[in-house]
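Asker:
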Amino acid sequence: MLKFYLILALVLSQLPLAAQNSSNMRKLANLNDHRADGEYSACWGYTAPNGREYAILGCAKGTAFIDITDTNNVYEAAYLPGLDQASCCREMKVFSHYAYVVADGIPSGLQIIDLQYLPDSVRLVNTYFVGDFTMGHTISQSGPYLYIHGGDYNIGGVFVLDLSIDPVNPVKRGEWEEYVVHDSRIVNDTIFACNIYNPPGRITVIDARNKDNLVTIGFWENVPSPGPHNIAISDNRKYAFVTDEIGGNPRLLKIWDISNLNNVIKIAEWQPPGITTSIIHNVELFGRYLFAAHYTAGLRVIDVSNPFGPVEAAYYDTFPENDGFTFEGCWGPYIFNSEKIIASDRNTGLYVFKTNFPLKEKNPAIAESFALGQNFPNPFNPVTTIKYSLKFDSYVTLRIYDAAGRLCATVIDGNVQSGNRQINFDGSRFASGVYFYNLTATYREGVTKVFNESNKMILLK
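Shown next as structure tokens:
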């Protein structure tokens, strides 16, 4: 009898391990309404000025807009078909109250979708084509600029669209077409471009301060067995987190010290503990945590506060069937300021998560008040930096006006986390003269409040 109980205890002790699909992360919702059309792809998020939160999900034949505000009642608020018949890859970014969607199918163009009517509806306000561009593989966004990569424009490098004058009718600016770009990350007008195919496994660093003239300033190879798909950059710009979607096995997260672009040094590699076969895909950095879509291993949360020794903090396996060497499972994550996490799964749609620990840290350097600083340099030609401080997370607009009070450009229009911030303004398309920049920040401190301040700057060419 004692032997029986010992065996039973041993068996029972193994059950939680065999059945454990998560750690330190809980699923709040899962929506899977469009699997019959084909596989899902990317996801992104939009927080409306009234605080409602929406997930944007790439489906095989279109884009779904999902209200996740109440996690007990997650529902699809709207759906917009794509121009293409079906696509394996549909990706989106948000500026102001517009979503910009590209798809890897011909013809798809750039769909521009007005989100201000949610939760009732969304409206397609433009499908944008330029030159020989009819499709894009991925899309990045920084301020009022979009960066479209890997499509059929020229050789599939990257080209810039300017939204600052009219977000419904973008203006094409410069392009970089030395090699195919699979994806990129833009930080302070610097593009970190993933050249996944040719030259094989390279990250190219591109100066994009002049949006009409993108210039290579350096590169490194994501060795060994490189196949870089996606990249994230630390807030201090010292570290790059690069994912290998193709190349050798295992396909790793590689962490690089990029503080000296003339001497980029690999400092760490990471893969999920005990798993050697799953493939890493997209990553997003939120504070000290890197959220990694790891296909068949699901969504992994990695503490990279010490980039020399990354440690897994949480995970949720959206594809518990296996950890195989396939492109099934988790495609990409997005993190809201509320610390809700969404992730897309190729087979089972949209997931909403929360970690069992807070994602934000109390920062002694946090802004103690709202403020708008004087731009520097001033006078400037053609680029200047505008600094501002937010005591609380806010919905921010930063707009540029000429001396007659006419709107010239919108630099920021969206949600921004609290802290001391800065952004560059490129005046290369404007005439010399006096301009004013106005910052409004709408936030809640018991009740809704608004910070509003303007400063003068001089463009001197």
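Residue numbers (the working numbering): 88 to 548. Beta carbons are placed, not taken as given, at the ideal position from N, Cα and C, and that holds for glycine.
What are the boundary residues of the beta strand (DSSP E) that includes Y326?
Answerer: Run containing Y326: Y326 to D331, per the beta strand (DSSP E) assignment.
Asker: Count the other CB atoms, across all protein chains shown, that sit within 10 Å of the CB of Y162; report buried if there are 16 or more and exposed otherwise.
Answerer: Exposed, since its Cβ has fewer than 16 Cβ neighbours within 10 Å.
Asker: Taking 8 Å as the threshold (C-beta atoms), are R433 and G595 in contact?
Answerer: The chain is shown only over 88 to 548; residue 595 falls outside these bounds and no answer can be derived.
Asker: Could you tell me which uninterrupted beta strand (DSSP E) segments, each at least 3 residues in length, are contained entirely in the stretch 420–486, listed from first to last along the chain?
Answerer: List check, beta strand (DSSP E) in window: 428–432, 436–442 and 470–477.
Asker: Please specify which runs of the beta strand (DSSP E), each continuous and at least 3 residues long, are wholly inside the stretch 108–134, giving them in chain order.
Answerer: Fully enclosed beta strand (DSSP E) runs of 3 or longer: 112–118 and 130–134.
Asker: Excluding the five sequence neighbours on either side, which residues of its own chain have a C-beta within less than 6 Å of the C-beta of N213, listed in chain order?
Answerer: The residues are I199 and V255.
Asker: From S550 to H224, what does the alpha carbon distance come to, in whole angstroms?
Answerer: Shown here, the chain extends from 88 to 548; a query on residue 550 therefore has no answer.
Asker: My understanding is that S195 touches S174, with C-beta atoms under 8 Å, so please give their C-beta distance in whole angstroms.
Answerer: With 8 Å as the limit, S195 and S174 qualify as a contact, their Cβ atoms being about 7 Å apart.
Asker: Which residue wins for smallest C-alpha separation from K427, given the options S110, S109 and A116?
Answerer: When each option's Cα is compared against that of K427, the closest is A116.
Asker: In the DSSP assignment, find the beta strand (DSSP E) that holds I352 and state where it starts and stops.
Answerer: I352 -> beta strand (DSSP E) spans I352 to W357.
Asker: Check A190 in the structure and name its three-state DSSP category.
Answerer: Strand, per DSSP.
Asker: What I want to know is whether the C-beta of G145 ends up closer than 7 Å to one or more non-hydrogen atoms of the ligand SAM.
Answerer: Of ligands this structure carries none, so the ligand SAM is not represented either.
Asker: Is DSSP giving G518 helix, strand or coil here?
Answerer: Position check: residue 518 holds Ala in this sequence, whereas Gly was assumed. Note: A518 maps to coil in three-state DSSP.
Asker: Using the C-alpha atoms, what's the distance from S541 back to Q461?
Answerer: The alpha-carbon atoms of Q461 and S541 are separated by roughly 9 Å.
Asker: Grab the span of the beta strand (DSSP E) containing H236 for me, first residue to last.
Answerer: From DSSP, the beta strand (DSSP E) with H236 extends over Y232 to H236.
Asker: Using only alpha-carbon positions, find the residue among N539, A355, T291 and S346 that is nearest to W263.
Answerer: The residue with the shortest Cα to Cα distance from W263 is T291.
Asker: Give me, in chain order, the residues of the same chain whose beta-carbon lies closer than 7 Å to that of G533; leave out the 5 immediate sequence neighbours on both sides.
Answerer: Counting only Cβ-Cβ distances below 7 Å, and skipping sequence neighbours, we find nothing.
Asker: Alpha carbon to alpha carbon, how far is A327 from D276?
Answerer: Between A327 and D276, the C-alpha separation is close to 16 Å.
Asker: Assign D191 to buried or exposed, taking buried as 16 or more other Cβ atoms, counted over all protein chains shown, within 10 Å of its Cβ.
Answerer: Buried: at least 16 other Cβ atoms inside 10 Å.
Asker: For the beta strand (DSSP E) containing A496, name the first residue and the last one.
Answerer: Note, A496: beta strand (DSSP E), L494 to V503.
Asker: Here's the rule I'm using: 16 or more other beta-carbon atoms within 10 Å means buried, otherwise exposed. How should V498 be labelled?
Answerer: The residue in question, V498, is buried, as its Cβ has 16 or more Cβ neighbours within 10 Å.
Asker: Grab me the residues of Y240's own chain with a C-beta within less than 7 Å of its C-beta, minus the 5 sequence neighbours each way, in chain order.
Answerer: G218, D219, F220 and F246.
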